[in-house]
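Under our numbering, the residue at position 148 of the sequence shown is numbered 186, and the numbers go up by one with no gaps. Even glycine gets a Cβ: it sits at the ideal position worked out from N, Cα and C. Every value quoted in this text rests on a predicted model; they were computed, and no experiment measured them. Encoded as structure tokens, the structure appears first; notes follow it.
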Amino acid sequence: MNVYEYAMKVEKDGEEYYRELASNSDNTGLKKIFNMLADEEVKHYHIFKSMMKNDMDKLDNLKLLTDTKTIFETLSNEKNSVNFDLNQIQYYKDAVEKEDNSYEFYSNEAKKSDNEKEKNIFLKIADEEVKHKKVLEEIVSFVEEPANWVESAEF
Numbered sequence: 039m040n041v042y043e044y045a046m047k048v049e050k051d052g053e054e055y056y057r058e059l060a061s062n063s064d065n066t067g068l069k070k071i072f073n074m075l076a077d078e079e080v081k082h083y084h085i086f087k088s089m090m091k092n093d094m095d096k097l098d099n100l101k102l103l104t105d106t107k108t109i110f111e112t113l114s115n116e117k118n119s120v121n122f123d124l125n126q127i128q129y130y131k132d133a134v135e136k137e138d139n140s141y142e143f144y145s146n147e148a149k150k151s152d153n154e155k156e157k158n159i160f161l162k163i164a165d166e167e168v169k170h171k172k173v174l175e176e177i178v179s180f181v182e183e184p185a186n187w188v189e190s191a192e193f
């Protein structure tokens, strides 16, 4: 399996994981966030598929979740009616770790690459994984202590 196939598998697994988290969530805001993260994983999958075909010319600016602020406002409005069990919280913590692992993988691949365009794409996706991780860390904070949660100024 080459690096692109592996990256596509990582992104496909990530999409499935986020879709599962979304389907298991009763919270409207969390459901939206997990579906948006899954959609981002699909975008990444297609980027790596294009890279594998050596068709990097049409790969343009990568953007993460433009609507996180609205979603975190929804979470904030729902925080008094939130109740999560320890298993759910662990799933969210596992997602943070998966994003961290993805960041490491893409960063390392960027360092290995001699192709400047490929290197930049790996770095952009690594940066997106950091953003995903921050979103997930906010979710963990929210579900662990919803009554005390205050959305980050970053969002």
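Asked	Found
Local Cβ density within 10 Å of His84, reported as buried at 16 or more and exposed below that	exposed
6 Å Cβ shell around Ala60 - same chain, five flanking residues per side excluded	Lys69, Phe72 and Asn73
Of the listed residues Val168, Ile159, Glu154 and Leu161, nearest to Ala133 (C-alpha basis)	Val168
N-terminal and C-terminal residue of the alpha helix (DSSP H) that Glu54 is part of	Val41 to Ser61
For Ser140, three-class secondary structure by DSSP	helix
Beta-carbon contacts of Ala45 that lie in its chain and below 6 Å, excluding the five residues immediately before and after	Phe86
Buried versus exposed call for Asn65 [16 or more other C-beta atoms within 10 Å across all chains shown]	buried
N-terminal and C-terminal residue of the alpha helix (DSSP H) that Asn73 is part of	Thr66 to Met90
Ser151 vs Phe143 beta-carbon contact at 8 Å	no
Same chain, Cβ closer than 6 Å to Ser63, neighbours up to 5 away in sequence not counted	Lys69
N- and C-terminal bounds of the alpha helix (DSSP H) containing Ser20	Because the chain in this structure spans residues 39 to 193, residue 20 falls outside the shown range and cannot be described.
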